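Enquirer: Residue numbers (UniProt numbering): 1 to 385.
For glycine and all other residues, C-beta sits at the position ideal for the given N, C-alpha and C.
No experiment lies behind these values; they were computed from the predicted model shown.
(1) Identify whether residue 34 lies in helix, strand or coil by the three-state DSSP scheme.
(2) With DSSP as the reference, label residue 48 as helix, strand or coil.
(3) Rounded to whole angstroms, what's the CA-CA distance from residue 74 to residue 46? Just pull it up for me.
(4) Could you tell me whether the segment 302–319 touches the segment 243–256, using the rule of 3 or more Cβ pairs below 8 Å?
(5) Given a cut-off of 8 Å, decide if residue 369 and residue 297 are closer than it, judged by their beta-carbon atoms.
(6) Identify whether residue 314 lies in helix, strand or coil by the three-state DSSP scheme.
(7) So, helix, strand or coil for residue 42, using DSSP?
(8) For residue 129, count neighbouring Cβ atoms within 10 angstroms of its own Cβ and tell me buried if that reaches 16, exposed if not.
(9) So, does the segment 155–165 touch the segment 181–190, judging by three or more C-beta pairs under 8 Å?
(10) At which residue ranges does the segment 241–284 contain complete alpha helix (DSSP H) runs of 4 or more residues, listed in the order of the chain?
(11) Starting from the C-beta of residue 309, find all residues in its chain whose C-beta is less than 6 Å away, skip the five residues before and the five after it, and write them out in chain order.
(12) Distance, Cα to Cα, residue 326 vs residue 122?
(13) By DSSP, does residue 401 sit in helix, in strand, or in coil?
(14) May I have the straight-line CA-CA distance separating residue 28 from residue 50, to the nearest angstrom?
(15) Whole-angstrom Cβ separation of residue 290 and residue 279, contact assumed at under 8 Å?
(16) Thinking C-alpha only, which one of 251, 252, 237 and 285 is nearest residue 271?
(17) From the DSSP output, in three-state form, read off residue 150 for me.
(18) Keeping to the same chain, check which residues put their C-beta closer than 6 Å to that of residue 33; ignore five residues upstream and five downstream.
(19) Go ahead and pull the three-state DSSP assignment for residue 180.
(20) With respect to the alpha helix (DSSP H) encompassing residue 124, which residues constitute its N-terminal and C-terminal limits?
(21) Are residue 234 and residue 189 closer than 8 Å when you measure CB to CB?
(22) My understanding is that residue 386 touches residue 117, with C-beta atoms under 8 Å, so please give their C-beta distance in whole angstroms.
(23) Quick one: Cα of residue 213 to Cα of residue 359, how far?
(24) Residue 205 lies in the alpha helix (DSSP H); which residues open and close that run?
(25) Less than 8 Å between the C-beta atoms of residue 197 and residue 240, yes or no?
(26) Would residue 96 be called buried (16 or more neighbouring beta carbons within 10 Å of its own) or exposed?
(27) Can you tell me which of the three DSSP states residue 189 falls into?
(28) For the alpha helix (DSSP H) containing residue 363, name the first residue and the last one.
(29) Spatial neighbours of residue 172 within its chain, please: C-beta separation below 6 Å, excluding the five flanking residues on both sides.
(30) Per DSSP, what kind of secondary structure is residue 114 in: helix, strand or coil?
(31) Quick check: does the Cβ of residue 8 come within less than 7 Å of any heavy atom belonging to the ligand ATP?
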């Protein structure tokens, strides 16, 4: 039909962040089906649709006679060079740093004197190159040889931790833990001894979102290794910050309310990366998942109690410690066992239920909230007018 109305939908990156993603996805699916809200639509190239659109004079705009009517210019479709690569926004910080290749050669450096290797190690920022240099020192001088950052053994451990905090090799740790789970009491199979097809199948297995039939300790360990979070998690952390004037602390990392809320938006990638950076300071994957559960609990409690807000910094580690203490008291009363510092039984407890981890986390969150002041609300049914 000639002259049908043309509607241009501009989708920006912030439109597909957080809770906005599913509605946008539903809209695009409706476009593909050809029906939106009972109205038939046709999706095509903008240039193609413009040629069939009707152009009307909008008299109510009251364009002065002295003003020139705007000239419609056709849209030009840009063609990318054949060898160019369209890059999307990275999901991890410092992407160029993560993609670094070693700037040294093992064959070239294995015969260098130790002093030169130490000097290069001190000046080098590439983690892959540091591993090569430390490997040479380990074979030549042994694990107790002193470098700028302590012994060779300690230095290697630090390099692996830095790589882990930058999301390098995290999938390998998850795969190794999966093999450990499968082996039970027997020695775990070495990941590097598996065939390519076995590695591929193992990778597919651990990436399955459903982990039915597994104990909660193993589920939390795998989910923590894979940095899994519930739907809308980062949006909820933002909402927590709005009600936490002094910010959040986890693993001695402080996430302040300001300037975080003023410098960022809820749905932008930078905020998600900031939260991930905070959680990245947690060494144990299973403990990381408990912190994720705690943040979800805090969000739900605040959502259902709009009159409450935190008066001081929210130390998540302290809340988990208090929840574990309450859990221990319950367990010692039920099973008549002595309290232990080992949190394995807590990690292995389901989140839901009368004595689930979330029930203990909710108790300590409510206790902390009720220590502060309750904001008056004119709609409060308890108020007498």
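Expert: The relevant details are as follows:
(1) Three-state result, residue 34: coil.
(2) The three-state reading of DSSP puts residue 48 in helix, counting H, G and I together.
(3) Here the model assigns residue 74 a pLDDT of 49, short of 50, so the residue's position is not dependable, and the following value carries that caveat. Residue 74 and residue 46 have their C-alpha atoms roughly 10 Å apart.
(4) As far as the Cβ criterion goes, the segment 302–319 touches the segment 243–256, which means the pair count is three or higher.
(5) No; because the gap between Cβ atoms is not below 8 Å, this pair is not in contact.
(6) Three-state result, residue 314: strand.
(7) Residue 42: coil per DSSP, three-state reduction.
(8) Buried is the call here.
(9) No, they do not touch.
(10) Correct list: 260–263 and 269–279.
(11) Spatial neighbours of residue 309 in its own chain (CB-CB distance under 6 Å, excluding positions within 5 residues in sequence) are listed in chain order as 243.
(12) So the two alpha carbons sit approximately 47 Å from each other.
(13) Missing from the structure shown is residue 401; the chain here goes from 1 to 385 and no further.
(14) The alpha-carbon separation between residue 28 and residue 50 amounts to approximately 20 Å.
(15) About 11 Å; that fails the 8 Å criterion.
(16) Taking only the C-alpha atoms, the option nearest residue 271 is 237.
(17) Three-state DSSP puts residue 150 in a strand.
(18) Hits under 6 Å: none found.
(19) Residue state, collapsed to three classes: helix.
(20) For residue 124, there is no enclosing alpha helix (DSSP H), as DSSP marks it with neither H nor E.
(21) No, the Cβ-Cβ distance between residue 234 and residue 189 is not below 8 Å.
(22) Because residue 386 is not part of the residues shown, which for the chain are 1 to 385, the question remains open.
(23) A direct Cα-to-Cα measurement between residue 213 and residue 359 gives close to 22 Å.
(24) Here the alpha helix (DSSP H) through residue 205 covers 196–206.
(25) Taking 8 Å as the Cβ cut-off, residue 197 and residue 240 do not qualify as a contacting pair.
(26) Residue placement at residue 96 is poorly supported in this model, since its pLDDT is 43, which falls under 50; the coordinates are not used for a value here.
(27) In this structure, residue 189 counts as coil in the three-state DSSP scheme.
(28) Residue 363 -> alpha helix (DSSP H) spans 357–370.
(29) Listed in chain order, the non-local C-beta contacts of residue 172 below 6 Å within the same chain number zero, local neighbours out to five positions each way being set aside.
(30) Helix, per DSSP.
(31) This structure does not include the ligand ATP; it has no bound ligands of any sort.
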